[in-house]
Amino acid sequence: MPRSAHGRLTARAGALVLLTLCLAGLAAPLVAPVDPLTVTLQERLRPPDAAHPLGRDALGRDVLSRLLHGARVSFVVGVATLTISLLIGVSLGALAGWSGGWIDEALVRLIDVFLAFPGLLLAIALAAVLGPSLSNVVLALSLLGWPGYARLTRAEVASLRRREFVSAAQALGARPIRIVLAHVLPLAVPTLLVQATFGMAGAIVAEASLSFLGLGVAPPTPSWGGMIAEGRTFLLVAPHVTLFPGLALATTVLALQLLGDGLRDALDVRDVGLRP
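For the sequence shown, our numbering begins at 397 and goes up steadily by one.
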């Protein structure tokens with residue numbers, strides 16, 4: 397099978413799984429069996445049955461309901477972090493790649509400073525300072541996510557600005573910002589799109605890690621990382637409490653990786669090496 401055909405097949409498989417999970421999260425208030433915050437202590441750690449297909453947790457809350465509502469948290473964090481990181485990274489990267497000189501040098505040094513720090517450790521520090529909340533998690537992950545997109549955009553813009561079509565646009569009197577937005581950045585979209593899928597997967601895993609450590613979304617709001625943390629004490633007596641959110645997290649990340657790999661093959665992008 398040709399590489400492009402295999403890439404399209406892989407991308408479709410990943411996109412289908414991802415779309416299913418997104419729709420499940422969006423429809424959580426409609427399809428969840430019960431309120432995810434309803435506590436029923438007399439049914440704590442109840443195994444899966446017909447009424448509660450994924451069982452109940454340590455406080456008797458329905459695991460399926462919490463899993464569906466937790467999907468909303470994961471995708472909100474992933475999309476919001478990706479959007480903010482792209483806006484900052486692409487803007488600064490395009491500025492550095494087009495301007496050159498001392499502006500390029502200063503922005504490259506700034507990017508190197510951010511990339512020098514271990515990402516998750518810095519996110520933990522920021523989340524600890526800001527406090528546990530959804531907005532603070534997005535802010536912390538966005539501050540750490542933009543350098544990869546900035547470096548990638550800078551490299552693409554610096555390479556494309558020497559092409560003949562750029563010289564032709566300049567000769568016709570087009571302003572630099574119009575050249576970058578209308579002619580240069582569209583050619584960098586395939587590479588950025590592939591990187592964005594890996595970046596979103598990294599943001600979802602980072603949010604789950606922060607929630608697992610108690611620095612993510614504040615309880616009792618359900619999140620996959622928080623559910624895994626709550627169930628680890630009962631892993632031997634009630635493995636379903638930890639198993640299902642772990643599977644949901646792994647499936648989401650796998651779907652994003654398949655989508656990214658498929659897009660890379662289908663779009664023939666060969667130089668994406670900035671995975672988080």
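Backbone N, C-alpha and C fix where the C-beta goes; we use that ideal spot for every residue, glycine too.
- Within the segment 580–610, complete alpha helix (DSSP H) segments of at least 4 residues are found at 581–608, given in chain order.
- Annotation for proline 444: Leu450, Gly451, His636 place their beta carbon closer than 7 Å to its own, counting only its chain and skipping 5 residues before and after.
- Of the candidates Gln653, His448, Val580, Gln653 places its Cα closest to the Cα of phenylalanine 594.
- Looking only at Ile573, Ala476, Leu488, the smallest Cα-Cα distance to serine 531 is reached by Ala476.
- Per DSSP, the unbroken alpha helix (DSSP H) holding phenylalanine 471 starts and ends at 459–495.
- About 5 Å separates the CB atoms of proline 618 and histidine 465; that is less than 8 Å, so the two are in contact.
- For proline 425, the uninterrupted alpha helix (DSSP H) run begins and ends at 424–427, by DSSP.
- Counting the other Cβ atoms within 10 Å of the Cβ of glutamine 438 gives fewer than 16, which makes it exposed.
- Shown here for alanine 492: same chain residues with a beta carbon closer than 6 Å to its own, the five before and five after excluded, namely Asp500, Leu503, Arg550 in chain order.
- Annotated three-state conformation of arginine 505 is helix, per DSSP.
- The C-beta separation of valine 590 from leucine 663 comes to about 7 Å, placing the pair in contact by the 8 Å criterion.
- Its Cα nearest to that of leucine 588, the residue Gly541 stands out among Leu632, Gly541, Phe630, Glu626.
- A contact is defined here as three or more CB-CB pairs under 8 Å, and the segment 600–607 meets this definition with respect to the segment 621–629.
- Glycine 497 has its alpha-carbon roughly 45 Å from the corresponding atom of alanine 467.
- Here DSSP, grouped into helix, strand and coil, assigns arginine 452 to strand.
- Note on threonine 406: 16 or more other CB atoms within 10 angstroms of its CB, so buried under the neighbour-count rule.
- One thing to note: proline 641 has its Cβ within 7 Å of the Cβ of leucine 463.
- If only complete runs of 4 or more residues are kept, the segment 622–666 shows the alpha helix (DSSP H) at 636–662, in order along the chain.
- For the pair glycine 612 and valine 533, the CB atoms are nearer than the 7 Å cut-off.
- The alpha-carbon separation between leucine 516 and leucine 643 amounts to approximately 22 Å.
- In this structure, leucine 414 sits near alanine 651, with a CB-CB distance shorter than 7 Å.
- Around the beta carbon of valine 585, fewer than 16 other beta carbons lie within 10 angstroms, which makes this residue exposed.
- Distance from the Cα of valine 580 is smallest, within the candidate group Met596, Ala519, Ala554, Ala546, for Ala554.
- Between the alpha carbons of alanine 546 and alanine 565 lies a distance of about 24 Å.
- Aspartate 500 carries a helical assignment under DSSP once its states are collapsed to helix, strand and coil.
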